[in-house]
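One structure below.
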Amino acid sequence: MVAIPASHTGWTFITSHARVLAAIADNPNTRIRDVAARCQLTERAVSRIIADLEQAGYLSHTRDGRTNTYRIEPDKVLRHPAEAGLPVASLLSLLVQDETDRSSKPLVL
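Going by the working numbering, 1301 is the number at position 44 of the sequence shown; the sequence numbering is gapless.
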């Protein structure tokens, strides 16, 4: 298993929006609290990011009692001109792995 780096300051390769979207893709019924813990963000930040993603059309949710079920629009294209035409599904394929793959496969470079 790959070690998780300690908290740090400075730049990162992946934005908080991408991390939140990947966490939701991994579990569409996840709670904001769980996404916040996984992404090392506050619940308030995760709520704002989810609102951003919903407003931009990348994400929607349905409410069933106290549970939200999220739906990602996999064909929606990424926003930056450098990724013109690349669908969000392509990004998620890099960030989300099957749970069995995560624990059994070593990192290959």
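All C-beta atoms, glycine included, are put in the ideal place defined by N, C-alpha and C.
In three-state DSSP terms, what is L1349?
-> helix
Assign L1351 to buried or exposed, taking buried as 16 or more other Cβ atoms, counted over all protein chains shown, within 10 Å of its Cβ.
-> Looking at its Cβ environment, which holds fewer than 16 other Cβ atoms inside 10 Å, L1351 is exposed.
Going along the chain, which residues of its own chain have a beta-carbon closer than 7 Å to the beta-carbon of G1342, five neighbours each way excluded?
-> V1334
Give every residue of the same chain whose Cβ lies closer than 8 Å to the Cβ of R1328, excluding the five residues on either side of it in the sequence, and list them in chain order.
-> P1285, L1316, S1317, H1318, T1319
What residues match up with T1299 in a beta bridge as DSSP calls it?
-> DSSP, once it has assigned bridges, lists no residue as partnering T1299.
Can you list, in chain order, the residues of its chain whose CB lies under 6 Å from that of R1295, leaving out five sequence neighbours each side?
-> A1280
Contact under 8 Å by Cβ, L1349 with A1308 = no
Do you know offhand how far E1330's Cα is from A1275's?
-> 14 Å
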